[in-house]
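A.B. asks: Sharing a structure with you now.
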Amino acid sequence: MPATPTGPTARNAHETTETLLPWYANGSLSAGESATVEQHLARCPACRAELERCRALANTIQQDAEEGWTPTPGHFDRLLAEIDRLDARPASVPDRLSTDGGGRLAATARDTPPPAIPTDRPTLIQRIYHWLETTPNPVRWTLGLESLAVAALLLVVLLPGGMMPATSDYETLSRGDPAPGATGPRLRLIFNDSATALEIQQLLREIDGAIVAGPTAL
213 MPATPTGPTA RNAHETTETL LPWYANGSLS AGESATVEQH LARCPACRAE LERCRALANT
273 IQQDAEEGWT PTPGHFDRLL AEIDRLDARP ASVPDRLSTD GGGRLAATAR DTPPPAIPTD
333 RPTLIQRIYH WLETTPNPVR WTLGLESLAV AALLLVVLLP GGMMPATSDY ETLSRGDPAP
393 GATGPRLRLI FNDSATALEI QQLLREIDGA IVAGPTAL
C-alpha cells in the first residue's frame, strides 16, 4: 500500500478524506466537500486506491440489486420434495382443499353425510318416572304424602257440594224458633212511637191477633 502523507496537517486531511470516500464514490457529497476530497486525491495515492475499492463495492451492490435473486436448481429440488411430502400426508381437517380451473383454492365437503340428530325426546311422564327412579326412598315417600295432602285439599275446595250432606240437619245456636203458621189474614201494623207494650197487647186481645214476627225497621 502506498505511503500516506506525513505531518499533523497532512495526517488530518488524509483521515478526513478517507472518511468521506464512500460518499464521494456514490456522489452524495456537497460541492465543497467534493473539491476538498479531489484536492487530497491528487497528492495521496493511498486514498486513490481506497476510492477504487469503494467504487468496485458500490458497482457490485448495484448489479446484484438490478439482477435480483435467481434460485438455483437445488432450491427447486427442495421445493418439489416438500410438495410431495405434503401431498402424502393424510388430511386432518373436515374439508379437503382442491383447486378450481383458475388456480384458486376451493373447499369441497367430505362424502360422508353429517351425523343425524336424534328427534325422539322422552315425554314428561318418562322424565318424571326416571327422576323418581333416581330419587332415594325417604324422599319419594315424603313427596307422595305431600302430593296426597295437596290433592285432598284441592278436592275439598273445588267440590264443596260433594263433600257436604244433601240435607241440612244442623242448626246454629243463633237461630230462633220457627214462626207459627198463620191461618188467617196477615196485617202489617205500624204503631206510634209513644205506644206502650201494654197498649199493644190490649189491642191484640181485642182483635184476637198475635205477633208473627217483628218488630222490624221501617
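Using the numbering used here, the final residue of the sequence shown is 430, and nothing's skipped along the way.
Using N, Cα and C, we set each Cβ at its ideal position, and we do this for glycine too.
Hey, could you find the ends of the alpha helix (DSSP H) L415 is sitting in?
C.D. replies: 409-418
A.B. asks: Could I get the ranges of all uninterrupted alpha helix (DSSP H) runs contained in the region 218-263, with 4 residues as the minimum, in chain order?
C.D. replies: Correct list: 220-237, 243-253.
A.B. asks: Under a Cβ-count criterion, where at least 16 other Cβ atoms within 10 Å of its own Cβ denotes burial, should T284 be classed as buried or exposed?
C.D. replies: exposed
A.B. asks: Using the Cβ count rule (16 or more neighbours within 10 Å means buried), how would you classify M213?
C.D. replies: With a pLDDT of 43 at M213, under the threshold of 50, the predicted position of this residue should be treated as unreliable, and no value is reported.
A.B. asks: Less than 8 Å between the beta carbons of A237 and L263, yes or no?
C.D. replies: yes
A.B. asks: Touch check for the region 255-262 and the region 225-236: three-plus C-beta pairs under 8 Å?
C.D. replies: In short, these stretches touch, since the Cβ pair count reaches three.
A.B. asks: Enumerate in chain order the residues of its own chain whose CB-to-CB distance from E245 is below 7 Å, with the five nearest sequence positions on each side excluded.
C.D. replies: L232
A.B. asks: What does the alpha-carbon distance come out to for the pair L360 and L367?
C.D. replies: 11 Å
A.B. asks: Is it buried or exposed for V362, if we count other Cβ within 10 angstroms and need 16 for buried?
C.D. replies: It counts as exposed.
A.B. asks: Taking C-beta to C-beta, are A422 and L416 nearer than 8 Å?
C.D. replies: yes
A.B. asks: In three-state terms, what does DSSP make of T284?
C.D. replies: coil
A.B. asks: Quick one: what does DSSP say A422 is sitting in, helix, strand or coil?
C.D. replies: coil
A.B. asks: Rounded to the nearest angstrom, what separates D296 and D289 at their Cα positions?
C.D. replies: 11 Å
A.B. asks: Does DSSP put I402 in a helix, a strand or coil?
C.D. replies: I402: coil per DSSP, three-state reduction.
A.B. asks: Under three-state DSSP, which class holds T346?
C.D. replies: Note: T346 maps to coil in three-state DSSP.
A.B. asks: Quick check: what's the CA-CA separation for T346 versus R339?
C.D. replies: Approximately 11 Å, taken between the alpha carbons.
A.B. asks: Which of helix, strand or coil does DSSP assign to T335?
C.D. replies: coil
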